[in-house]
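Peer 1: Here you go, one structure.
Protein chains: 2
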Amino acid sequence: MELTFEQFSKDPNITMEYIWGNYFKKNRIFFKIKNESVAVKNLISIFNATLKLSNEIGFQAMTLRNLSKETDLSMGALYNYFPSKEELFKIIHINGFNLITNIINNYIKTETPPEQKMKTAIKIHIYLSEVEPLWFYFLYMETKNLKREDRKLSIGSELFTEKLFTDIISDGIQTGIYAERNILLTASMIKAMLQDWYLKRWKYTKRKISADEYASFIIEFIESYIKI
Amino acid sequence: MELTFEQFSKDPNITMEYIWGNYFKKNRIFFKIKNESVAVKNLISIFNATLKLSNEIGFQAMTLRNLSKETDLSMGALYNYFPSKEELFKIIHINGFNLITNIINNYIKTETPPEQKMKTAIKIHIYLSEVEPLWFYFLYMETKNLKREDRKLSIGSELFTEKLFTDIISDGIQTGIYAERNILLTASMIKAMLQDWYLKRWKYTKRKISADEYASFIIEFIESYIKI
DNA sequence: GTCTATAGTGCGATAGAC
DNA sequence: GTCTATCGCACTATAGAC
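Protein chains in written order, with the numbering used here: chain A, 2 to 229; chain B, 2 to 229.
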């Protein structure tokens, strides 16, 4: 039975309550606020508002006054949830990278053979970015604004995904189902196609292309190139 | 004789002197400065510095103090070359879109048959973005910060390129050399691959992949999918 | 044609009341 | 746990000297 977006979207590990609840529990000691349900509710609200505003005008252009208005929290209250605007920026990045690597690892690790693994890897990327399009867009567009010391997180994330695909292709070549091609460039092209899905959201929405259609198309496109 | 990057890079229409010289001539009446060679020299310097700084920290984060330092012009002097920071932003966008459409039209219009036209269209995109990587990066990353009324320029540019490729593919299908596939999605994927070249410049530079290698790879990749 | 000095604005962050 | 009021700073833009 093939994985579909319908099924994937019900995974409890990708709900905001789960992600930010976890974040709160792990960092409890840093919060002045003690009431968990209040904290998580506001964390989610701040997080969503930040992604929305960053998507519209960019994170740097977003002011804390904008964020205050969007969340219905005063500027003073906001500072109970993050120590500085810069730190809010990092929190969103780090939680994003963690989410991506965790979810992908969960779904991929047991998959076999390479052909099936390739399909699942592509689908999970598309599905996850379909559930959190603004978050993915943010991670892509704002990465360059990370401080030098945090940039390695982002490069690590880019190369993690790429390695996932180079490994699958290598396996496929050894198994004899894939032709001998430039593995690194092929993996890069797969990434580029996955990213187009959330970078050009407006285009695909307008054309009414679903996540499953897009994933199928990419799989077909890639297979026509690498299959023997 | 196939076009190479070596040849293309000698085209006089893509030099900064030509582009900004033209811009100055067309807008002479708006400049307080009358000396053309001084004006063009400084326009090029301002333009290059803006692209460099925008690439590093983003256009919004770049201050006119940064720009002043990078160009060795005072803030007062800068304002002889553009009326406001916002207007500088638009000037770079508009000249960029013009350059791209002009160059591409020049090289493409006489090409035939579809298979050859496809090759040339891909090469010109890669070559032009190889000559001006920072400019292309800027156009891509900063587009969303255009005011609503100027956003149509950018969408127009995106769709212009896409139409170029859908037209070529349609021709190829009619000529019988291309299979019947999803034309719009195929064109989108071609665009995504072309864009990866300047969006991930650091990666390809590190891996020592040349513009010609990259172009050849994309052509091979796409042909394996659409050729009958 | 370019400079320095500064006006006016809006930002991130915090103190202290409730 | 959240609010209002405000501080100090850095920004864009301009006026007037050279």
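By construction, the Cβ of each residue, glycine as well, lies at the ideal position given by its N, Cα and C atoms. Bear in mind the structure is a predicted one, so any value in this text is a computation, not a measurement.
#1: Find out if the Cβ-Cβ distance for the pair Ile-127 (chain B), Ala-193 (chain B) is shorter than 8 Å.
#2: List the residues of chain B whose Cβ lies closer than 9 Å to the Cβ of Phe-230 (chain A), in chain order.
#3: Can you give me the C-alpha to C-alpha distance between Arg-202 (chain A) and Tyr-82 (chain B), rounded to a whole angstrom?
#4: Can you name the residues of chain A whose CB is closer than 7 Å to the CB of Leu-52 (chain B)?
#5: Can you tell me whether Gln-175 (chain B) is buried or exposed? The criterion is at least 16 other CB atoms within 10 Å of its CB, across all chains shown.
#6: Report the residue from B:Phe-48, B:Lys-148, B:Phe-166, B:Phe-6 whose alpha carbon sits nearest the alpha carbon of Ile-58 (chain A).
#7: Using three-state DSSP, classify Lys-228 (chain A) as helix, strand or coil.
#8: By the 10 Å Cβ neighbour count, where 16 or more other Cβ atoms means buried, how is Phe-31 (chain B) classified, buried or exposed?
#9: Here's the rule: buried if 16 or more other CB atoms are within 10 angstroms of the residue's CB, otherwise exposed. What is Ile-156 (chain A)?
#10: So the candidates are B:Ile-15, B:Glu-143, B:Lys-228, B:Leu-185; which of them puts its Cα closest to the Cα of Ile-92 (chain B)?
#11: Can you tell me where the alpha helix (DSSP H) with Pro-134 (chain A) in it begins and where it stops?
#12: Using a Cβ cut-off of 7 Å, pull out every chain A residue sitting near Arg-66 (chain B), in sequence order please.
#13: Throw me the rounded Cβ distance for the Ser-225 (chain B) and Tyr-80 (chain A) pair, which I believe falls under 8 Å.
#14: Give a yes or no on whether the minimum CB-CB distance between Leu-135 (chain B) and chain A is below 8 Å.
#15: Quick one: measure Cβ to Cβ for Phe-137 (chain A) and Tyr-199 (chain A), integer angstroms, because I've assumed they're closer than 8 Å.
#16: So what does Tyr-1 (chain A) bridge to, in DSSP terms?
#17: Which partner residues does Tyr-179 (chain B) have in the DSSP bridge list?
#18: Considering only the alpha carbon of each residue, which of A:Leu-165, A:Leu-100, A:Ile-184 lies closest to Thr-121 (chain A)?
#19: Label Ser-211 (chain B) either buried or exposed according to how many other C-beta atoms from any shown protein chain fall within 10 Å of its C-beta, with 16 as the threshold for buried.
#20: Chain B beta carbons: is any one of them nearer than 8 Å to that of Ala-188 (chain A)?
#21: Name the chain A residues whose beta carbon is nearer than 9 Å to that of Asn-146 (chain B)?
#22: Output needed for Leu-154 (chain B): all residues of its chain with C-beta closer than 8 Å, excluding positions within five of it in sequence on either side, in chain order.
#23: Sorted by chain position, which residues of the same chain lie with C-beta nearer than 7 Å to Thr-162 (chain B)'s C-beta, five sequence neighbours on each side aside?
#24: Which bits of chain B does Met-142 (chain A) rub up against, with CB to CB less than 9 Å?
#25: Assign Glu-112 (chain B) to one of three DSSP states: helix, strand, or coil.
#26: Chain A partners of Asn-208 (chain B), CB-CB under 8 Å?
#27: Report buried or exposed for Asn-106 (chain A), applying the criterion of at least 16 other Cβ atoms within 10 angstroms of its Cβ.
#28: Report yes or no: do the region 10-18 of chain B and the region 55-73 of chain B share at least 3 C-beta pairs separated by less than 8 Å?
#29: Buried or exposed, going by whether 16 or more other CB atoms sit within 10 Å of the CB of Ser-38 (chain B)?
#30: Determine the closest residue to Ile-104 (chain B) out of B:Ile-169, B:Gly-173, B:Phe-25, B:Thr-16, with distance taken between C-alpha atoms.
#31: Assuming Thr-16 (chain A) is part of the alpha helix (DSSP H), what are its boundary residues?
#32: Pick out whichever of B:Asp-73, B:Lys-26, B:Lys-33, B:Glu-181 has its Cα sitting closest to the Cα of Asn-49 (chain B).
#33: What does a CB cutoff of less than 8 Å around Pro-115 (chain A) pick up in its chain, not counting 5 residues either side in sequence?
#34: Let me check understanding here. Comparing Cα to Cα, which of A:Leu-186, A:Glu-112, A:Ser-69, A:Met-119 lies closest to Ser-46 (chain A)?
#35: Can a CB atom of chain B be found closer than 8 Å to the CB of Phe-9 (chain A)?
#36: Do Leu-195 (chain B) and Ile-101 (chain B) have their C-beta atoms closer together than 8 Å?
Peer 2: Let's see:
#1: Not closer than 8 Å, so no.
#2: Nothing about residue 230 (chain A) can be read from this structure; chain A reaches only from 2 to 229.
#3: Answer to the nearest angstrom: the Cα atoms are 36 Å apart.
#4: In chain order: nothing, as chain A lies at least about 14 Å away.
#5: Exposed, by the Cβ-count rule.
#6: Comparing Cα-Cα distances from Ile-58 (chain A) to each of B:Phe-48, B:Lys-148, B:Phe-166, B:Phe-6, the minimum goes to B:Lys-148.
#7: Note: Lys-228 (chain A) maps to strand in three-state DSSP.
#8: So Phe-31 (chain B) counts as exposed.
#9: It is exposed - the Cβ of Ile-156 (chain A) has fewer than 16 other Cβ atoms within 10 Å.
#10: Of B:Ile-15, B:Glu-143, B:Lys-228, B:Leu-185, the residue nearest in Cα terms is B:Glu-143.
#11: Note, Pro-134 (chain A): alpha helix (DSSP H), 134-143.
#12: Here the premise fails: no neighbours, minimum Cβ distance about 16 Å.
#13: With 8 Å as the limit, Ser-225 (chain B) and Tyr-80 (chain A) do not qualify as a contact, their Cβ atoms being about 55 Å apart.
#14: Taking Cβ atoms only, chain A never reaches closer than 8 Å to Leu-135 (chain B), which makes this a no.
#15: Between Tyr-199 (chain A) and Phe-137 (chain A) the Cβ distance is about 4 Å, and since that is below 8 Å, they are a contact.
#16: Chain A is shown only over 2 to 229; residue 1 (chain A) falls outside these bounds and no answer can be derived.
#17: Note: Tyr-179 (chain B) sits in a beta bridge opposite B:Lys-228.
#18: Taking only the C-alpha atoms, the option nearest Thr-121 (chain A) is A:Leu-165.
#19: Exposed, because fewer than 16 other Cβ atoms sit within 10 Å of the Cβ of Ser-211 (chain B).
#20: It does not: the Cβ of Ala-188 (chain A) has no partner Cβ on chain B nearer than 8 Å.
#21: Listed along the chain, the chain A residues whose CB falls inside 9 Å of the CB of Asn-146 (chain B) are Ile-58, Gly-59, Ala-62.
#22: Annotation for Leu-154 (chain B): His-94, Ile-95, Phe-98, Leu-147 place their beta carbon closer than 8 Å to its own, counting only its chain and skipping 5 residues before and after.
#23: Cβ within range, chain order: Lys-192.
#24: Close partners of Met-142 (chain A) in chain B (Cβ separation under 9 Å): Met-142, Lys-145.
#25: Coil, per DSSP.
#26: A small correction: the amino acid at residue 208 (chain B) is Arg; Asn does not occupy that position in the sequence shown. What Arg-208 (chain B) touches in chain A, judged by beta-carbon distance under 8 Å, is Leu-185, going in chain order.
#27: The residue in question, Asn-106 (chain A), is exposed, as its Cβ has fewer than 16 Cβ neighbours within 10 Å.
#28: With fewer than three CB-CB distances shorter than 8 Å, the region 10-18 of chain B does not count as touching the region 55-73 of chain B.
#29: Label assigned to Ser-38 (chain B): exposed.
#30: Here the closest residue by C-alpha is B:Thr-16.
#31: It is not in any alpha helix (DSSP H) - Thr-16 (chain A) carries neither H nor E in the DSSP assignment.
#32: Restricting attention to B:Asp-73, B:Lys-26, B:Lys-33, B:Glu-181, the CA atom closest to the CA of Asn-49 (chain B) is found in B:Asp-73.
#33: The residues are Ile-169, Ile-170, Asp-172, Gly-173, Thr-176, Ile-178, Tyr-179.
#34: Checking every option, the nearest Cα to that of Ser-46 (chain A) belongs to A:Ser-69.
#35: Output row for Phe-9 (chain A): interface = no.
#36: Cβ atoms of Leu-195 (chain B) and Ile-101 (chain B): not closer than 8 Å.
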